[in-house]
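*Asks:*
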Amino acid sequence: MSEIIKIEDVTKKYGDFTAVDKLNLDIEKGSFFGLLGPNGAGKTTLISMLIGLLKPNEGKVFIMNQEMNRNNVFLKKQIGIVPQHINLDKDLTVKENLILAAKLFKLRGKKREVQIEKLLDYMDIKKVENRMARKLSGGMKRKLMIAKALIHSPEILFLDEPTVGVDLNARRKIWDILKIMKDMGKTIILTTHYIEEAEYLCDKIALMDKGKIFYNDTSENLKRSLGKYTVEYFDENKVTKYKFFKDIDEAKNFSNSIKENFILRDISLEDVFYNFTNRKVT
Ligand SMILES: Nc1ncnc2c1ncn2[C@@H]1O[C@H](COP(=O)(O)OP(=O)(O)OP(=O)(O)O)[C@@H](O)[C@H]1O
Ligand SMILES: [Mg+2]
């Protein structure tokens, strides 16, 4: 597969503070790429540079072999964006929000109508098409934001924490839609604090902290880098500790030596993240 996004030595500073630090990354066409990291890791800053909203202080971003910048109209048409913060016009209805988004991409007439109907249906928001955006539930707002991002059928979709505050049912519905997008051959870049979301959806996961990506691999390989089993236990000071094992017998032997309560379980992606950053993602 060929890379659709190439990030070369990209740095972004806010004053003296380096939010993204000489970052290099390739994202393959058609892949579902997950970007995980604690608050302040630099995820949104990185996405903002990928979509041409922020200019790197150093380095370059290439999408489809063209350099991304805010004036690249061709590339702007290739990407759909679901930002971290709600970007709806709250005094317009659901349908009006979509019409407005369509106008920005010069979609008109029958084509526009068909596309909007398709997205209302897809995102399961047809029944609220005449409701003001401000009166939508959190989950419906997120669905409408995704519909907006898809209005011009982009090749690449950027989603910055698209399921924050969304209940489990709505989240699963969003996951289904994103899977369909992936099956259609779209490239998807997702940031999330929900590790199970990344594990379920993404074929590649990058772990980011302090402006750098320090791991970039499949979820399976990330887990295998630590082992296969986790023993989670209280030490003598009642502090939760984690120990990782490749071999189940070694894990059992260790568990038997612990006086306090313990859990022996399969290793999770959360363990990997916790181990590398020494803090929880959320
Ligand atoms: N406009 C700005 N001016 C100054 N500092 C900023 C600005 N935007 C972000 N930062 C800082 O840059 C760092 C990275 O922020 P960013 O929003 O990229 O993190 P993030 O990984 O998206 O975090 P979160 O998970 O909370 O969304 C943070 O320390 C943040 O405070
Ligand atoms: Mg962010």
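In short: position in the sequence shown from 1, add 81, done, that's our numbering.
Idealized CB from N, CA, C, for every residue including glycine.
Quick check: the stretch 117-125 against the stretch 288-299, are there 3 or more CB pairs under 8 Å?
*Replies:* yes
*Asks:* Given 7 Å as the limit, tell me if Asp257 has its C-beta closer than that to any heavy atom belonging to ligand 2.
*Replies:* no
*Asks:* Got a sec? Which residues, its chain only, sit under 8 Å from Lys267 by beta carbon, not counting five neighbours each side?
*Replies:* Gly111, Pro235, Glu236, Ile237, Leu238
*Asks:* Lys324 bridges to which residues according to DSSP?
*Replies:* The partner list for Lys324 (beta bridge, DSSP) reads Val312.
*Asks:* In chain order, what residues of the same chain have a beta carbon less than 6 Å from the beta carbon of Tyr203, not counting five sequence neighbours either side?
*Replies:* none
*Asks:* For Glu210, which of helix, strand or coil comes out of DSSP?
*Replies:* coil
*Asks:* Can you check which of these residues, Asp264, Ala230, Ala251, is closest to Gly161 by C-alpha distance?
*Replies:* The option with the nearest alpha carbon to Gly161 is Ala230.
*Asks:* Opposite Val163 in the DSSP bridges: which residues?
*Replies:* Leu240
*Asks:* Please indicate yes or no: does the CB of Lys136 lie closer than 7 Å to some heavy atom of ligand 1?
*Replies:* At a cut-off of 7 Å, the beta-carbon of Lys136 does not count as near ligand 1: no heavy atom of the ligand is closer than that.
*Asks:* Confirm, please, whether the CB-CB distance from Leu303 to Lys222 is below 8 Å.
*Replies:* The beta carbons of Lys222 and Leu303 sit no closer together than 8 Å.
*Asks:* Checking the sheet assignment: what are the DSSP bridge partners for Glu280?
*Replies:* For Glu280, which the question treats as bridged, DSSP gives no partner whatsoever.
*Asks:* Report yes or no: do three or more beta-carbon pairs, one from the stretch 128-145 and one from the stretch 86-103, lie closer than 8 Å?
*Replies:* yes
*Asks:* Which term fits Asn297, buried or exposed, when burial requires 16 or more other beta carbons within 10 angstroms of its beta carbon?
*Replies:* By the 10 Å Cβ count, Asn297 comes out buried.
*Asks:* For Lys110, does the three-state DSSP call read helix, strand or coil?
*Replies:* coil
*Asks:* Could you spell out the range, first to last residue, of the alpha helix (DSSP H) harbouring Phe354?
*Replies:* 350-358
*Asks:* Going along the chain, which residues of its own chain have a beta-carbon closer than 8 Å to the beta-carbon of Asn138, five neighbours each way excluded?
*Replies:* Thr92, Lys93, Lys94
*Asks:* Could you work out which residue in Trp256, Gly246, Lys207 is closest to Leu179 when comparing CA atoms only?
*Replies:* Lys207
*Asks:* Just to confirm, does Thr126 get its C-beta within under 7 Å of one of the non-hydrogen atoms of ligand 1?
*Replies:* A distance criterion of 7 Å places the beta-carbon of Thr126 in contact range of ligand 1, judged by its closest non-hydrogen atom.
*Asks:* State yes or no: is the C-beta of Asp290 nearer than 7 Å to some heavy atom of ligand 2?
*Replies:* no
*Asks:* Which first and last residues belong to the alpha helix (DSSP H) in which Lys184 is found?
*Replies:* 175-185
*Asks:* Taking C-alpha atoms, which residue in Leu259, Gly308, Ala183 lies nearest to Asp284?
*Replies:* Leu259
*Asks:* Just to confirm, are Val389 and Ile255 a CB contact at a threshold of 8 Å?
*Replies:* Any question about residue 389 goes unanswered here, given that the chain covers just 82 to 363.
*Asks:* Leaving out five residues on either side along the sequence, give the residues of the same chain with a beta carbon under 7 Å from the beta carbon of Phe315.
*Replies:* The beta carbon of Phe315 sits closer than 7 Å to the beta carbons of Thr321, Glu341, Asn342 from its chain, once the five residues preceding and following it are set aside; these are given in chain order.
*Asks:* Looking at Phe357: is its Cβ nearer than 8 Å to the Cβ of Leu288?
*Replies:* yes
*Asks:* Are the CB atoms of Leu104 and Ala279 nearer to each other than 8 Å?
*Replies:* no
*Asks:* I need the straight-line Cα distance from Leu282 to Phe113, nearest angstrom please.
*Replies:* 7 Å
*Asks:* Ile132 to Leu217, Cα distance in whole Å?
*Replies:* 27 Å
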